[in-house]
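A short write-up of the structure that comes next.
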Amino acid sequence: MKEDIDNFLNYLTVEKGFSENTTLAYRNDLYQLASFVEEEAAKRGLPPSWASFSRQGMLSHLLDLKERNYAATTVARKVAAAKSFFTFMVAEDKIKDNPTQDVPSPRIGKSLPKPLSISQARLLLEQPAKLSTPEAKRDKAMLELLYASGMRV
Numbered sequence: 001m002k003e004d005i006d007n008f009l010n011y012l013t014v015e016k017g018f019s020e021n022t023t024l025a026y027r028n029d030l031y032q033l034a035s036f037v038e039e040e041a042a043k044r045g046l047p048p049s050w051a052s053f054s055r056q057g058m059l060s061h062l063l064d065l066k067e068r069n070y071a072a073t074t075v076a077r078k079v080a081a082a083k084s085f086f087t088f089m090v091a092e093d094k095i096k097d098n099p100t101q102d103v104p105s106p107r108i109g110k111s112l113p114k115p116l117s118i119s120q121a122r123l124l125l126e127q128p129a130k131l132s133t134p135e136a137k138r139d140k141a142m143l144e145l146l147y148a149s150g151m152r153v
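The sequence shown runs 1 to 153 under the UniProt record's numbering.
See below:
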């Protein structure tokens, strides 16, 4: 099973140009999934294989991650890694069906940026005044517009 993962990671690196960090994260995620598949197969007295892994197995894996208090962003990355891997496995004719096809990714809430304090805003607005160039005047006008209108960038 790990040979399939290594082939997939090689494909990501060579053909898709994924970064080393992404490849390492996917490697860890997929090795963890392989361990889960092996444990589940052992409980049923069956040999582990990707072909026998089902949508229900994937949902069980996600439930296991949730019980271990993984962050939603981490779970979302693990789902993305699994979806990419199984899509690759189907394309390579290693398995017939993709067990992750209809598995939803967890929703990730977006956090609002923290506003500047009054002293930070004053300090920022004072910076262009230190120079007397046209660019400094432009920068001061832009900063004042952003501050006065409350725009987020």
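Every residue, glycine too, gets a C-beta built ideally from N, C-alpha and C. Everything numeric in this text was worked out from a predicted model, so none of it was measured.
Taking C-beta separations shorter than 6 Å and ignoring five residues to either side along the sequence, the partners of T100 in its chain run M58, A82, K83 and F86, following chain order.
At least 8 Å separates the beta-carbon of I108 from that of T74. Contact fails between the segment 64–73 and the segment 37–46, because fewer than three Cβ pairs, one in each stretch, are under 8 Å apart. With contacts defined by Cβ atoms closer than 8 Å, P48 and V37 form a contacting pair. The C-beta of D97 has fewer than 16 other C-beta atoms within 10 Å across all chains shown, which makes the residue exposed.
For the pair L145 and P128, the CB atoms are not nearer than the 8 Å cut-off. In the DSSP assignment, E92 falls outside any alpha helix (DSSP H), carrying neither H nor E.
Here V14 is exposed, its C-beta having fewer than 16 other C-beta atoms within 10 Å. With three or more CB-CB distances shorter than 8 Å, the segment 2–9 counts as touching the segment 19–31. A distance below 8 Å separates the beta carbons of R55 and V103.
In terms of Cβ geometry, A51 and I5 do not form a close pair [threshold 8 Å].
Taken through DSSP and simplified to helix, strand or coil, I108 comes out as coil. Within the UniProt domain "Core-binding (CB)" (1–90), the complete alpha helix (DSSP H) segments of 4 residues or longer fall at 2–14, 20–43 and 55–67, listed in chain order. Per DSSP, the unbroken alpha helix (DSSP H) holding P134 starts and ends at P134 to S149.
According to the DSSP assignment, L124 belongs to the alpha helix (DSSP H) that extends over I118 to E126. With respect to K2, Y31 sits close: the two C-beta atoms are nearer than 8 Å.
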